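Residue numbers (the working numbering): 156 to 575.
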Amino acid sequence: MHLYPALLAAASEALAQVLELKFPADSVLSRFFRENPALGQRDRAFVAETVYAVLRRRRYLERTTGVRSTPRRLILAACLLLQGMNRRQLADVLKASDEAWLTALYAPPEPPLTLAEQADLPDWLADRLGAKMDAAALLTLAAALNQPAPLDLRVNPLKMTREDVLARLAADGIEARPGQYSPLAVRLAGKPALAQHPLFLEGAVEVQDEGSQLLAFLTAPRRGEMVADFCAGAGGKTLALGALMRNTGRLYAFDVSDKRLIKLRPRLARSGLSNVHPVRIAHENDSHVKRLAGKLDRVLVDAPCSGLGTLRRNPDLKWRQSAAGVAELAAKQRAILAGAARLVKPGGRLVYATCSLLEEENSAVVADFLAAHGEFQVQDAATSFGDVNIALTGGPYLELAPHTHGTDGFFAAVMERNKA
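Here it is in structure tokens:
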């Protein structure tokens, strides 16, 4: 394609709004497209892809183009250095004043890039991750985080088998394969629009990263049990848990946000589940929680976190998060985990999970919880999937990452309450 002035102006304005870092990039872009309805589908795709390319490789582009480079030049640099466009394709938008800048664009940065700049991470985050791995491992992880994520589906076993879903997709010309770990995962080769596909409308599939699906299998709910998804959000894991329970028992979907629980409603209707009970709570010590103390068989706590394991999907998070923000989240995570633990009955299971890569949100939170709650014991995650054969090995915790598992970054700890 050839870049024309109005499209460059639109991409530059969209990037400028995203780089204010006040709101998530996807919500900023959605609003931008609503306010600019003249942009066609192809142009919207170009704007979104280029803005996300800048977010992923921001440090590299800023060193290459100048730290104070304008959004316009960041977009141009992304087109040339990251998206494979040539100067002929940009001829209609380049100015005479760009010549010297273009000449310098391909020169090696001086001084050479720091490790954090090579990884396209803020210094504080590169330091945290680098504390538990060498430079080569950090760059390998960062390279995986800086790639767009594939599109994964979770099959709803109440509606269809994975084999039938794969056959239906193949018949519709959509290339897909079984997931590597989750027995319900399907990974698509591309990113087709699925919102109006019969499989989605009928509730046979939901969009869910394969790593996220494994959290439901770790919780391992059984038929007829009482279970809670303590931080349910829009309910992706709630739906997975309900399906594993075969629509029996009682499944509570707790969340502090009405808006998130409202988003669960249409998904719940498509799923065919009738055992899910969404409940808005004010906090982890809400009266709804207290009334269920010691009564639940399984509790999943997918705690609010930095989201740094999802940088493939949300590259703006590495620029929006901070060390101070992570410390605040860790304090909140400790309080939520302690509150949720009260629900677990003797012999019951508690699963603590995040989509973070940081130890202070993961194993450090679990260690503090265990030190204060001697009635809980850690169970080996690799052997906690129940009757489901999931080929994962490792230490006591589930630790997933894009460069090793091809999933988003996830952490999970399985704990069981003593029977006595």
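From the three backbone atoms N, C-alpha and C, an ideal C-beta is built for every residue, glycine too. Fair warning: this is a prediction, and the values are worked out from it, not measured in the lab.
Evaluate Gln532 with the Cβ neighbour count: other Cβ atoms within 10 Å of its Cβ, from every protein chain shown; 16 or more gives buried, anything less gives exposed.
exposed
Nearest-angstrom Cα distance between Asp275 and Arg212?
6 Å
With a threshold of 8 Å, are at least 3 pairs of Cβ atoms found where one atom belongs to the region 553–570 and the other to the region 297–307?
Counting Cβ pairs under 8 Å, three or more are found: they touch.
Taking Met381 as the reference, give the member of Asn311, Thr562, Leu455, Ala322 with the closest Cα.
Considering only alpha carbons, the answer is Leu455.
Roughly how many whole angstroms lie between the Cα atoms of Ala251 and Arg242?
13 Å
Assuming Val222 and Leu170 make a contact with CB atoms under 8 Å, what is their CB distance in whole Å?
Not really, about 16 Å apart at Cβ, beyond 8 Å.
Counting Cβ pairs closer than 8 Å, one from the region 253–265 and one from the region 184–200, do we hit at least three?
no
Helix, strand or coil for Leu194, going by three-state DSSP, please let me know.
coil
Can you tell me which residues form a DSSP beta bridge with Leu484?
DSSP output for Leu484 lists no bridge partner at all.
Hey, could you find the ends of the alpha helix (DSSP H) Tyr215 is sitting in?
213–220
Is the number of C-beta pairs between the region 347–365 and the region 310–330 that are closer than 8 Å three or more?
yes
With a cut-off of 8 Å, do at least 3 Cβ pairs link the region 363–382 to the region 390–399?
Short answer: they touch.
Taking His432 as part of the beta strand (DSSP E), name the residues at either end of that continuous run.
For His432, the uninterrupted beta strand (DSSP E) segment begins and ends at 431–435.
Could you tell me whether the region 228–247 touches the region 163–181, using the rule of 3 or more Cβ pairs below 8 Å?
yes
Counting pairs of beta carbons, one from the region 394–413 and one from the region 430–450, are three or more of them closer than 8 Å?
yes
Going straight from the alpha carbon of Asn311 to that of Ser429, what length do you get?
14 Å
With DSSP collapsed to three states, give me the class of Gln532.
strand
Put Gly503 into one of helix, strand or coil per three-state DSSP.
Residue state, collapsed to three classes: strand.
How is Val310 classed by DSSP in three states: helix, strand or coil?
strand
For Ile491, collect the residues of the same chain with a Cβ closer than 8 Å to its Cβ; drop the 5 residues on either side in sequence, then sort them by chain order.
Phe385, Cys386, Glu439, Val456, Ala458, Pro459
Output the distance between the C-alpha atoms of Arg453 and Arg446, rounded to the nearest integer angstrom.
16 Å
Check the C-beta distance from Pro179 over to Asp471 and give it rounded, since I have them as a contact under 8 Å.
7 Å
Where does Lys287 land, buried or exposed, given buried means 16+ other C-beta within 10 angstroms?
exposed
Based on DSSP bridge pairs, tell me the residues matched to Leu343.
Leu306, Ala331
In angstroms, rounded to a whole number, what distance separates the CA positions of Lys487 and His528?
17 Å
Write down the C-beta distance between Val248 and Ala233 rounded to the nearest angstrom, noting that I regard them as a contact closer than 8 Å.
At roughly 13 Å, the Cβ-Cβ gap does not stay under 8 Å, so Val248 and Ala233 are not in contact.
Are the beta-carbon atoms belonging to Ala568 and Thr465 less than 9 Å from one another?
no
So Ala456 is in the beta strand (DSSP E); what residue range does that whole segment cover?
The amino acid at residue 456 is misidentified as Ala; the sequence shows Val. Segment 451–457, the beta strand (DSSP E) holding Val456.
Going by DSSP, name the residue or residues bridged to Tyr407.
Per the DSSP secondary-structure output, Tyr407 pairs in a beta bridge with Ala383, His432.
Give every residue of the same chain whose Cβ lies closer than 8 Å to the Cβ of Asp523, excluding the five residues on either side of it in the sequence, and list them in chain order.
Arg489
Return yes when the Cβ of Met570 is within less than 9 Å of the Cβ of Arg504, no when it is not.
yes
Grab the span of the beta strand (DSSP E) containing Arg401 for me, first residue to last.
Taken as a continuous stretch (DSSP letters only), Arg401 belongs to no beta strand (DSSP E), as it is neither H nor E.
As a quick exercise: from Leu513, Leu547, Asn573, pick the residue whose alpha carbon is nearest that of Ala482.
Leu513
So Ala331 and Leu339 are supposed to be a Cβ contact under 8 Å. How far apart are they, rounded?
That belief does not hold up - the Cβ atoms of Ala331 and Leu339 are roughly 13 Å apart, past 8 Å.
How should Lys473 be labelled, buried or exposed, when 16 other C-beta atoms within 10 angstroms of its C-beta is the threshold for buried?
buried
Enumerate in chain order the residues of its own chain whose CB-to-CB distance from Gln244 is below 8 Å, with the five nearest sequence positions on each side excluded.
Met156, His157, Leu158, Cys234
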